[in-house]
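Report on one structure; see the data block that follows.
There are 2 protein chains.
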Amino acid sequence: MTAQEKTDKREQLINAAEDLFAEKGFDGTSVRDIAQRADVNLAMISYYFGSKEKLLQVLIEQRFASSLELLDELLRNTTMTPWEKIERVIEYYVDKILNGRKFHSIINQEYNTDRSREIIDLITSIKMKNYHLIKQIIDDGYEKKVFRKIDPELTMASMMGTINSTINSKNVYCILFRIDATDEAEYLARMKPRLKEHLKHMIRAHLTIE
Amino acid sequence: MTAQEKTDKREQLINAAEDLFAEKGFDGTSVRDIAQRADVNLAMISYYFGSKEKLLQVLIEQRFASSLELLDELLRNTTMTPWEKIERVIEYYVDKILNGRKFHSIINQEYNTDRSREIIDLITSIKMKNYHLIKQIIDDGYEKKVFRKIDPELTMASMMGTINSTINSKNVYCILFRIDATDEAEYLARMKPRLKEHLKHMIRAHLTIE
DNA sequence: GTTTAATTCAAACGTTTGTTTAATTTTGGT
DNA sequence: ACCAAAATTAAACAAACGTTTGAATTAAAC
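Residue numbers (my numbering), protein chains in the order written: chain A, 1 to 210; chain B, 1001 to 1210.
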């Protein structure tokens, strides 16, 4: 067995956990479920992560790790107009959240439940960072007199909430859009451009000075 | 013990279950938790409902039961303009979802997990009814040439998603708005008017013919 | 090749889970 | 006051839970 295959078991557990937590929730998923789906002995969960909850924490940290670089770069960019930045942000979030659908489903499910302080605080800090980046873009547009004065917090709520709706009520939108709910690729291919267009239209209308 | 107090035990169990399911999720809540919070013997759950899952089902059915009358009446109303109807719909949903915060938190948490077919179908049918009512109002406004042609499905996603964001990420908005997270009344008093104003502005801008 | 550490495994641990049982108490009609 | 039905209870049930154990296997270092 190679070193690659060895550390793979750790990765297999994380991937299996992501699938199952998204499908059945954290408490609805047993460590035996995870081990079976990952095709790994159940004791490896304690061995690699210490506990089921630590596994969730590692999963969240790992999936969040690659975040925020693009947004940071976007913020420092001086050649783009506020409008272009907003559109870019919308495209970024739609792609990011829909591509990581299962992960964000876990976050949406677990954020309210009183899980460990560490996990709650981690998610909160990520959400706050995202908010502050968007706020800066909106403030910049307002100072340059190209954006109307609006409620920045709830405008973020609308952006995130719209996208989250499409993953939390996937069933409903599959019926409405006549998409086969089992065909993940088809769902993404149809939903992404539609979401982007809708959000760009709506946010543009919302921010435009009458 | 009076008859009132007797049937109260059934109600106490439902109320306790609502609190706990919202806080800890369905699978994170034990029947012993529920019985203890309701101050009722745990065997009464099986006695009254048959099982923990049936209790969830009764809870959902009961809380949904009082729905949709106002929306139905609104639809048949011929004296209000489409604009007035849309604003009324926004006020209705903000009040309804924020007042029933715990219940809607349960729905948002449990809708994605593969719970019983019956529960999933029940929630789906309610969401579809809500959508069709909104769709009719939007279609009416479009036919009367006062609304722009927009994506009705995703416009509903934005309305519901914005409101859901404020209850699913209550932590975040309490920080942003500097609200004491433990003061439920203060949260509702501050959030409701703000949400209504934001949504009315945004949806109006979105629907207005340029 | 030997040694040491890291990994894997089946089995078992003690709790907690949802549900049922069977006995007891309370209720409401006559 | 009596009785059948309904409500309530403590105790027990098997099953599933997360975690630990200690031996067996594999990998890496020298």
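In this text, a Cβ means the ideal position worked out from N, Cα and C, and glycines have one as well. Computed from a predicted model, the values in this text were never measured in an experiment.
#### Entry: GLU1153 of chain B: contacting residues in chain A (beta-carbon distance under 8 Å)
Result: TYR173, LEU176 and PHE177.
### Query
Which ranges would you report for the alpha helix (DSSP H) in the segment 7 to 45 of chain A if only whole runs of at least 4 residues count?
Annotation note: the segment 7 to 45 of chain A contains the following uninterrupted alpha helix (DSSP H) runs of length 4 or greater, listed N- to C-terminal: 31 to 38.
### Task
Taking only beta carbons into account, state which residues of the segment 11 to 34 of chain A come closer than 7 Å to chain B, listed in chain order.
Answer set for the segment 11 to 34 of chain A: GLU23, LYS24, GLY25, ASP27 and GLY28.
### Message
Between MET1080 of chain B and chain A, is any beta-carbon pair separated by less than 9 Å?
### Response
For MET1080 of chain B, no CB of chain A lies under 9 Å from its own CB, so it is not counted at the interface with that chain.
### Task
Could you have a look at LYS170 of chain A and say whether DSSP puts it in helix, strand or coil?
DSSP, reduced to helix, strand and coil, places LYS170 of chain A within a helical segment of the structure shown.
### Query
Is DSSP giving MET1156 of chain B helix, strand or coil here?
It is helical.
### Task
Reducing DSSP to helix, strand and coil, say where VAL1146 of chain B ends up.
Coil, per DSSP.
### Message
Quick check on ASP1114 of chain B - is its C-beta less than 9 Å from some C-beta in chain A?
### Response
At a cut-off of 9 Å between beta carbons, ASP1114 of chain B contacts chain A.
### Task
Name, please, each residue of chain A whose Cβ falls closer than 7 Å to the Cβ of ALA1157 of chain B.
Within chain A, the residues near ALA1157 of chain B are THR162, SER165 and THR166.
### Task
Tell me, please, whether the CB atom of LYS144 of chain A is closer than 9 Å to any CB atom in chain B?
No - not a single Cβ of chain B is within 9 Å of the one on LYS144 of chain A.
### Query
Is the segment 113 to 129 of chain A touching the segment 62 to 79 of chain A in the sense that three or more CB pairs, one from each, lie closer than 8 Å?
The answer is yes - the segment 113 to 129 of chain A touches the segment 62 to 79 of chain A, with three or more Cβ pairs under 8 Å.
### Task
Compute the beta-carbon to beta-carbon distance between ILE1163 of chain B and GLU1018 of chain B, rounded to the nearest angstrom, for a pair I have assumed lies under 8 Å.
19 Å between Cβ atoms; not a contact.
### Query
By the 10 Å Cβ neighbour count, where 16 or more other Cβ atoms means buried, how is ALA185 of chain A classified, buried or exposed?
Flag for ALA185 of chain A reads exposed.
#### Entry: Span separating the alpha-carbon of LEU1020 of chain B from that of VAL1058 of chain B
LEU1020 of chain B and VAL1058 of chain B have their C-alpha atoms spaced approximately 15 Å apart.
### Task
Would you identify the three-state DSSP class for TYR47 of chain A, choosing helix, strand or coil?
When secondary structure is reduced to three states using DSSP, TYR47 of chain A falls in the helix class.
### Residues, ordered as in the chain, of the segment 184 to 195 of chain A that lie near chain B by beta-carbon distance below 7 Å
Only those residues of the segment 184 to 195 of chain A whose C-beta falls short of 7 Å from the nearest C-beta of chain B are listed: ARG194 and LEU195.
### Secondary structure of GLU5 of chain A, DSSP reduced to three states
For GLU5 of chain A, the predicted model reports a pLDDT of 45, less than 50, meaning its position is unreliable; a value from the coordinates is still stated below. Helix, per DSSP.
### Task
Determine the closest residue to SER1169 of chain B out of A:MET160, A:SER169, A:TYR173 and A:LEU176, with distance taken between C-alpha atoms.
SER1169 of chain B has its Cα closest to that of A:MET160, out of A:MET160, A:SER169, A:TYR173 and A:LEU176.
### Query
LYS1127 of chain B touches chain A at which residues, Cβ-Cβ below 7 Å?
Neighbours of LYS1127 of chain B across chain A, judged by C-beta separation under 7 Å: SER169 and VAL172.
### Task
Give a yes or no on whether the minimum CB-CB distance between ASN1108 of chain B and chain A is below 9 Å.
At a cut-off of 9 Å between C-beta atoms, ASN1108 of chain B counts as an interface residue with respect to chain A.
### Query
With respect to the alpha helix (DSSP H) encompassing PHE177 of chain A, which residues constitute its N-terminal and C-terminal limits?
For PHE177 of chain A, no alpha helix (DSSP H) encloses it, and the DSSP letter there is neither H nor E.
#### Entry: Residue environment, TYR1047 of chain B, which counts as buried when at least 16 other CB atoms sit within 10 Å
Exposed, because fewer than 16 other Cβ atoms sit within 10 Å of the Cβ of TYR1047 of chain B.
### SER226 of chain A, enclosing alpha helix (DSSP H) - first and last residue
There is no way to answer for residue 226 of chain A, as the model of chain A reaches only from 1 to 210.
### Message
Distance check for ASN99 of chain A and ILE203 of chain A, CA to CA, integer angstroms please.
### Response
Between ILE203 of chain A and ASN99 of chain A, the alpha-carbon positions lie close to 22 Å from each other.
### Closest by C-alpha distance to THR166 of chain A, when choosing among B:VAL1172, B:CYS1174, B:ALA1157 and B:SER1165
Ranked by Cα distance from THR166 of chain A, the options B:VAL1172, B:CYS1174, B:ALA1157 and B:SER1165 are led by B:ALA1157.
### Message
Alpha carbons only, please: which of B:LEU1013, B:LEU1207, B:ARG1076 and B:GLY1050 is nearest the one belonging to ARG1037 of chain B?
### Response
Check the Cα spacing between ARG1037 of chain B and each of B:LEU1013, B:LEU1207, B:ARG1076 and B:GLY1050: the tightest is with B:LEU1013.
#### Entry: Anticipated Cβ contact below 8 Å, ILE90 of chain A with LYS200 of chain A, distance rounded
About 6 Å separates the beta carbons of ILE90 of chain A and LYS200 of chain A, which is inside the 8 Å limit, making them a contact pair.
### Query
Looking only at its own chain, which residues have a Cβ that is under 6 Å from the Cβ of THR2 of chain A, when we skip the five neighbours before and after it?
Note on THR2 of chain A: pLDDT 36, under 50, position unreliable in the model; the coordinate value appears next. Hits under 6 Å: none found.
### Message
Among A:ASP151, A:ARG115, A:ILE119 and A:ASN112, whose alpha-carbon lies nearest the alpha-carbon of TYR131 of chain A?
### Response
The candidate whose alpha carbon is nearest that of TYR131 of chain A is A:ASP151.
### Task
Locate the alpha helix (DSSP H) running through ARG63 of chain A, then write down its first and last residues.
Where ARG63 of chain A is concerned, the enclosing alpha helix (DSSP H) stretches over 52 to 65.
### Message
According to DSSP, is MET128 of chain A part of a helix, a strand, or is it coil?
### Response
Note: MET128 of chain A maps to helix in three-state DSSP.
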